[in-house]
Amino acid sequence: MRVIVRTVSELCITVGTLIVLFVVYVLFWTGVKADTEMDRQVDLLQDQWARQPVRPTAGPGTTASPKPPAPYKDAKPFALMYIPRLGFTWNKPVLEGTRSSTLKKGLGHYANTAQLGQKGNFAVAGHRRTYGDPFKDFPKLRAGDAVVLTDGAHWYTYVIDKGPYRTLPTDVQVIDPVPKKSGYTRAGRYLTLTTCDPEWGHSHRLIVWGHLESTKPVESGKPGALRR
Amino acid sequence: MYGWIWRHLPGNVWVRALLSIVLTLAVVYVLFQYVFPWAEPLLPFNDVTVNDQ
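So the protein sequences, as listed, match chains U and E. Going by the numbering used here, the first residue of the first sequence is number 217, and it counts up by one from there. Going by the numbering used here, the first residue of the second sequence is number 261, and it counts up by one from there.
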């Protein structure tokens with residue numbers, strides 16, 4: 217009898233410890249891992265950009281948008297995103313693809329959507345919670361907020377027009393070239409950000425939409441939205 | 261269970277205590293490195309895209 221009671225209590229303590237450890241892992245350790253990994257991705261990008269040959273700046277008067285970049289490599293970083301609303305120092309690498317292994321290293325660009333600054337919809341997904349909580353403050357985003365991206369050659373400033381819009385995970389139309397619910401009617405250069413809702417759940421998604429406001433070469437300095 | 265492990269560890273009390281700590285750390289390492297990364301995707305926090313389901 218005593219042996220049974222003792223074994224059962226030991227099992228309960230063990231299971232309890234396991235659960236506590238798992239919570240520590242999910243809440244804390246995934247964040248530590250993701251921050252290290254995101255820093256590494258940013259370093260990769262900086263290295264890549266440092267090795268890039270300096271492209272001659274277009275002569276004065278040419279306002280044509282930059283040429284379409286080469287196709288992005290799957291699971292590799294290609295841009296940095298800044299959202300001043302989420303914090304002045306908030307910046308995250310954007311990687312190609314939205315597999316869960318990719319989203320552990322940064323934000324993920326939906327592979328079948330437009331490239332940065334190009335015609336169509338540039339759609340990006342990110343974790344709301346765990347793995348560094350990149351989109352924790354997603355509901356604070358408002359129309360008029362700037363979302364600035366750089367691919368090492370240009371600064372792209374998008375301005376949010378609508379959001380956060382709550383929808384179902386099956387609503388793939390939100391990343392269409394002209395998303396129906398966004399209020400856009402004509403083709404253009406758009407941005408869509410997606411994350412999960414509620415904060416710790418997965419029953420819904422939160423969406424914001426924006427349009428490309430300006431594009432400028434990196435040599436001309438940071439865009440206004442990133443200046444204090 | 262823990263009593264059984266304690267009885268089967270070699271050495272005096274101090275050696276046993278040291279071995280217990282090492283064993284505990286090994287278990288935590290295996291959990292964080294292999295078991296939890298496997299179990300974590302079963303939770304809903306990974307679903308942030310609109311085309312997964």
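Idealized CB from N, CA, C, for every residue including glycine.
Once DSSP output is grouped into helix, strand and coil, what is the label at residue i?
i, result
"His-268 (chain E)", "helix"
"Asp-377 (chain U)", "strand"
"Met-217 (chain U)", "coil"
"Thr-284 (chain E)", "helix"
"Ala-277 (chain E)", "helix"
"Gly-333 (chain U)", "coil"
"Gly-440 (chain U)", "helix"
"Leu-319 (chain U)", "helix"
"Asp-387 (chain U)", "coil"
"Arg-402 (chain U)", "coil"
"Trp-425 (chain U)", "strand"
"Gly-275 (chain U)", "Confidence at Gly-275 (chain U) is low in this model, with a pLDDT of 46, below 50, so the placement of that residue should be treated as unreliable; the coordinate-derived value is given next. In this structure, Gly-275 (chain U) counts as coil in the three-state DSSP scheme."
"Gly-417 (chain U)", "coil"
"Phe-294 (chain U)", "strand"
"Thr-233 (chain U)", "helix"
"Thr-366 (chain U)", "strand"
"Trp-306 (chain U)", "coil"
"Lys-289 (chain U)", "coil"
"Arg-382 (chain U)", "strand"
"Leu-303 (chain E)", "coil"
"Val-340 (chain U)", "strand"
"Pro-300 (chain U)", "helix"
"Thr-246 (chain U)", "helix"
"Tyr-372 (chain U)", "strand"
"Pro-433 (chain U)", "strand"
Establish whether the CB of residue i and some CB of chain E are separated by less than 7 Å.
i, result
"Arg-358 (chain U)", "no"
"Arg-256 (chain U)", "no"
"Tyr-241 (chain U)", "yes"
"Phe-338 (chain U)", "no"
"Gly-417 (chain U)", "yes"
"Arg-443 (chain U)", "no"
"Pro-276 (chain U)", "Only weak support is given to the placement of Pro-276 (chain U): the predicted model assigns it a pLDDT of 47, under 50, and the value that follows is read from those uncertain coordinates. Taking Cβ atoms only, chain E never reaches closer than 7 Å to Pro-276 (chain U), which makes this a no."
"Arg-421 (chain U)", "yes"
"Glu-226 (chain U)", "yes"
"Thr-252 (chain U)", "no"
"Arg-345 (chain U)", "yes"
"Phe-294 (chain U)", "no"
"Phe-238 (chain U)", "yes"
"Leu-233 (chain U)", "Note on identity: in this sequence residue 233 (chain U) is Thr, with Leu being the wrong assignment. Chain E, which has no Cβ nearer than 7 Å to the Cβ of Thr-233 (chain U), makes this no."
Would you check if the distance between the CB atom of residue i and the CB atom of residue j is smaller than 7 Å?
i, j, result
"Leu-323 (chain U)", "Pro-380 (chain U)", "no"
"Pro-350 (chain U)", "Gly-342 (chain U)", "yes"
"Val-363 (chain U)", "Pro-309 (chain U)", "no"
"Leu-357 (chain U)", "Val-424 (chain U)", "yes"
"Leu-261 (chain U)", "Pro-293 (chain U)", "yes"
"Asn-307 (chain U)", "Pro-393 (chain U)", "no"
"His-418 (chain U)", "Asp-307 (chain E)", "yes"
"Thr-431 (chain U)", "Gly-333 (chain U)", "yes"
"Gly-404 (chain U)", "His-370 (chain U)", "no"
"Phe-292 (chain E)", "Tyr-241 (chain U)", "yes"
"Gly-262 (chain E)", "Glu-226 (chain U)", "The sequence shown places Tyr at residue 262 (chain E), not Gly. Cβ distance < 7 Å, so Tyr-262 (chain E) and Glu-226 (chain U) count as in contact."
"Gly-399 (chain U)", "Lys-378 (chain U)", "yes"
"Asp-387 (chain U)", "Val-310 (chain E)", "yes"
Is the Cβ of residue i closer than 7 Å to any Cβ of chain U?
i, result
"Val-287 (chain E)", "no"
"Asn-272 (chain E)", "no"
"Val-275 (chain E)", "no"
"Thr-284 (chain E)", "no"
"Val-310 (chain E)", "yes"
"Trp-266 (chain E)", "no"
Would you mind giving the Cβ-Cβ distance between residue i and residue j, rounded to the nearest angstrom? I have them listed as a contact below 8 Å.
i, j, result
"Thr-314 (chain U)", "Tyr-298 (chain U)", "No, Thr-314 (chain U) and Tyr-298 (chain U) are not in contact; Cβ-Cβ is about 20 Å, not under 8 Å."
"Val-375 (chain U)", "Glu-312 (chain U)", "24 Å between Cβ atoms; not a contact."
"Ile-391 (chain U)", "Ala-441 (chain U)", "23 Å between Cβ atoms; not a contact."
"Tyr-347 (chain U)", "Gly-247 (chain U)", "7 Å"
"Arg-345 (chain U)", "Lys-335 (chain U)", "Not confirmed; about 33 Å, so no contact."
Would a check of beta-carbon distances place residue i closer than 7 Å to chain A?
i, result
"Tyr-262 (chain E)", "You won't find chain A in this structure, because its protein chains are U and E."
Got a sec: does the ligand SAM put a non-hydrogen atom nearer than 6 Å to the Cβ of residue i?
i, result
"Val-248 (chain U)", "For the structure depicted, the ligand SAM is absent and the ligand set is empty, with no information on it obtainable."
### Message
Please identify, using Cβ separations under 8 Å, the residues of the region 311 to 330 of chain U that lie next to chain E, in order along the chain.
### Response
Thr-314, Ser-316, Leu-319, Gly-324, Tyr-326
### Task
Would you list, in chain order, the members of the region 376 to 401 of chain U that have their beta-carbon closer than 7 Å to a beta-carbon of chain E?
Pro-385, Thr-386, Asp-387, Val-388, Val-390, Ile-391
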